[in-house]
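Below is one structure, written out as structure tokens, with a few remarks after it.
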Amino acid sequence: MPERPSTADLPLTQLGSDAPSITPARGEPTAATLSLAAHGLLDAPVQSRFDRYAELARTIWDAPISTVTMIDRDRAYFTSCVGLDLTDMAADQTFCSSVVHASAPVVVPDAFDDPAYRDLPAVAGEPHIRFYAGHPVRDRWSTVLGTVCIYDTRPREFTDHDAAVLAQLARCVEDELDTTSDRDRAGQVQRALQPRDVQPVAGYSFAARSVPTALVAGDALDHVQWDTGHYFLVADVMGKGTAAAILMASVRTALRARVADLATGIADDLGQVVGAARDLVQHDLEAAGSFVTGFVAWADPSSGRLRYVDAGHGLTVLVHPDGRWTSIGSDDLPLGVDATIGWTERVLDTEEGDTLVCFSDGVLDVLPGAEADPGRAVAELVLRSDGPDDVVRRVGRLAHSVPTRDDVTILVVRREAAGA
Amino acid sequence: MSDIQVHRTDHGIGVVTPVGRLTMVAAKPLTEAVVALVDQGTSKVVVDLGETTFIDSSGLGALIAGLKRCRQAGGDLRIARPTEQVTTVLRLTNLDKVLTPRATVDEAF
Numbered sequence: 002m003p004e005r006p007s008t009a010d011l012p013l014t015q016l017g018s019d020a021p022s023i024t025p026a027r028g029e030p031t032a033a034t035l036s037l038a039a040h041g042l043l044d045a046p047v048q049s050r051f052d053r054y055a056e057l058a059r060t061i062w063d064a065p066i067s068t069v070t071m072i073d074r075d076r077a078y079f080t081s082c083v084g085l086d087l088t089d090m091a092a093d094q095t096f097c098s099s100v101v102h103a104s105a106p107v108v109v110p111d112a113f114d115d116p117a118y119r120d121l122p123a124v125a126g127e128p129h130i131r132f133y134a135g136h137p138v139r140d141r142w143s144t145v146l147g148t149v150c151i152y153d154t155r156p157r158e159f160t161d162h163d164a165a166v167l168a169q170l171a172r173c174v175e176d177e178l179d180t181t182s183d184r185d186r187a188g189q190v191q192r193a194l195q196p197r198d199v200q201p202v203a204g205y206s207f208a209a210r211s212v213p214t215a216l217v218a219g220d221a222l223d224h225v226q227w228d229t230g231h232y233f234l235v236a237d238v239m240g241k242g243t244a245a246a247i248l249m250a251s252v253r254t255a256l257r258a259r260v261a262d263l264a265t266g267i268a269d270d271l272g273q274v275v276g277a278a279r280d281l282v283q284h285d286l287e288a289a290g291s292f293v294t295g296f297v298a299w300a301d302p303s304s305g306r307l308r309y310v311d312a313g314h315g316l317t318v319l320v321h322p323d324g325r326w327t328s329i330g331s332d333d334l335p336l337g338v339d340a341t342i343g344w345t346e347r348v349l350d351t352e353e354g355d356t357l358v359c360f361s362d363g364v365l366d367v368l369p370g371a372e373a374d375p376g377r378a379v380a381e382l383v384l385r386s387d388g389p390d391d392v393v394r395r396v397g398r399l400a401h402s403v404p405t406r407d408d409v410t411i412l413v414v415r416r417e418a419a420g421a
Numbered sequence: 068m069s070d071i072q073v074h075r076t077d078h079g080i081g082v083v084t085p086v087g088r089l090t091m092v093a094a095k096p097l098t099e100a101v102v103a104l105v106d107q108g109t110s111k112v113v114v115d116l117g118e119t120t121f122i123d124s125s126g127l128g129a130l131i132a133g134l135k136r137c138r139q140a141g142g143d144l145r146i147a148r149p150t151e152q153v154t155t156v157l158r159l160t161n162l163d164k165v166l167t168p169r170a171t172v173d174e175a176f
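Chains as they are written, first to last, in the working numbering: chain A, 2 to 421; chain B, 68 to 176.
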């Protein structure tokens, strides 16, 4: 592509820093390509999350067209394009490639007068662009990935003040690149960690769901099936969001690893299993100043017997088919409070028709009446619902319709009545 | 909104009073208030919860962190006058076993 010394980037050059361009060996991906891939922009070049910045640019400068453009080698992708219907084109036919080559802002007051630009297809042909202002969008290692820019079909002036505003808008786009793609991926990973594809167990129906209040949850939901029984977990780490999710991931793994000892006969007491898991995470929880409440259970489907530890969770209810209910709890503490305490395994024998509901305190926020009397509110919900799937669906709907302060997690297991 | 008030009694007991909602917003100032008291040599601390209208897990976390800090310094952290919602949350999590509620601030030590 020809060099295009812009006639009008004079007041702006000082805003751009000349990042050293690293020329990769033949066939090797460029730093920009690697970075675009890491930000998920090669797989999905058009992303509506950038539209608000393009719209904002159009509003600020009352311009007919604005784009957020990413450039991968010889191709320009209009990640967001408002005012024109375009997804991608050859990079050397765009204004934006000049910004990338200069690694600095570029302003073209009137492209008709500028030999470097007047032959571009969008200048010589429709929509006859005359004005362009673009600012580099960089990743956090200063590699220029693309631009944020405005276009007009009439010539314009662009002041130092305009340049400063455009530079700030570019910073917003850069933040969007990092934070949102990072959080989206965290959310995807956490959803992938949720128990899925649970094999049906004769005589039982089962449903569970966790709805995070932020993009990731500090609640944990787990279910693992062994030949010897089923392990399940509902737990809530103090706090919410990413910080809570990091801690919860390690607590969930520690519990699962120690429960495997129970499944394979190395351990025979669920209280000791929780104690052994605590030994693995106590230091981390203390360092983070956090603790975790949880209902840890081991179920034998053939007998209907549930062995459980309630670590300060207190939010499990067994609903009987006649509408009575039993709150399941203990006086054991959460994990992380004390390095020396132990937990006691308890036993619950379920009958046919019983429904076990275990939930996090986010449910208290969204289920009417639950804050005052969780057992009654949950029992009433179970009785008016059509099985575990329906209970979970209703709570999921509430979690999305009521403004919640906390993650909402619920697990429901029904032991079917014989002949049902 | 919440607010943390701190004073020392004539008997050298630190009294910390969180006013309003004790959630993530107030948790940090509460922990900092307790740490400051301990660093100044006051390791017996009462958290007066009489003005606390609501507590969540972050608030509980701050109380537990404060308790650990006081005990490390050879003292203790006790809670007084919890409201109904606070009592319920403490009972639900069984944390009333390590943070036994006292009826008044004076009875705490």
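A virtual CB, placed ideally from N, CA and C, is assigned to each residue, including glycine.
query, result
"Take the Cβ of Q107 (chain B) as the centre, count every other Cβ of all protein chains shown within 10 Å, and call the residue buried at 16 or more, exposed below.", "exposed"
"Just to confirm my understanding: we take G276 (chain A), look at its own chain, exclude 5 residues before and 5 after, and list those with CB closer than 8 angstroms. What are they?", "G343, W344"
"Among A:R377, A:V83, A:T294, which has the Cα closest to the Cα of A64 (chain A)?", "A:V83"
"What residues of chain B sit near L334 (chain A), judged by a beta carbon separation below 9 angstroms?", "T160, N161, L162, K164, V165"
"Ignore the nearest five residues each way along the sequence and tell me which others in A278 (chain A)'s own chain have a CB closer than 6 angstroms to its CB.", "A255, L256, R259"
"With D285 (chain A) and L248 (chain A) assumed to form a contact (beta carbons below 8 angstroms), what rounded beta-carbon distance in angstroms separates them?", "7 angstroms"
"Looking at the unbroken alpha helix (DSSP H) that takes in H231 (chain A), where does it start and where does it end?", "Taken as a continuous stretch (DSSP letters only), H231 (chain A) belongs to no alpha helix (DSSP H), being part of the beta strand (DSSP E) at 230-238."
"Between which two residues does the beta strand (DSSP E) harbouring G147 (chain A) extend?", "145-153"
"Put W299 (chain A) into one of helix, strand or coil per three-state DSSP.", "strand"
"Going along the chain, which residues of its own chain have a beta-carbon closer than 8 angstroms to the beta-carbon of A203 (chain A), five neighbours each way excluded?", "P302"
"Which stretch, first to last residue, makes up the alpha helix (DSSP H) that contains Y54 (chain A)?", "52-62"
"For a test of the three-state rule: what should DSSP assign to S22 (chain A), helix, strand or coil?", "Because the pLDDT of S22 (chain A) is 43, which lies under 50, any placement of that residue in the model is unreliable, and the question is left without a value."
"Could you give the C-beta distance for V348 (chain A) and R306 (chain A), rounded to a whole number, given that I count them as a contact under 8 angstroms?", "6 angstroms"
"What residues from the stretch 284-299 of chain A come within 7 angstroms of chain B, judged by C-beta to C-beta, listed N to C?", "G290, S291, F292, T294"
"Can you give, in chain order, each stretch of the beta strand (DSSP E) that sits fully within the stretch 308-356 of chain A and has at least 3 residues?", "317-320, 326-329, 347-350"
"The beta strand (DSSP E) spanning T76 (chain B) covers which residue range?", "From DSSP, T76 (chain B) is part of no beta strand (DSSP E); its letter is neither H nor E."
"Strictly below 8 angstroms CB to CB, what residues from chain B border V338 (chain A)?", "I131, L162, V165"
"At the 9 angstroms Cβ level, is D123 (chain B) part of the contact set with chain A, yes or no?", "yes"
"Going by DSSP, name the residue or residues bridged to L104 (chain B).", "According to DSSP, which records beta bridges pairwise, L104 (chain B) is partnered with nothing at all."
"Would you mind stating whether Q213 (chain A) and D223 (chain A) have Cβ atoms separated by less than 9 angstroms?", "It is Pro, not Gln, that sits at residue 213 (chain A) in the sequence shown. It is not a contact, given that the beta carbons lie outside the stated cut-off."
"Could you pull the DSSP bridge partners for P168 (chain B) from this structure?", "B:I146"
"Who are the near neighbours of A419 (chain A) in its chain, counting only those whose CB is closer than 8 angstroms to its CB and skipping five residues on each side?", "E353"
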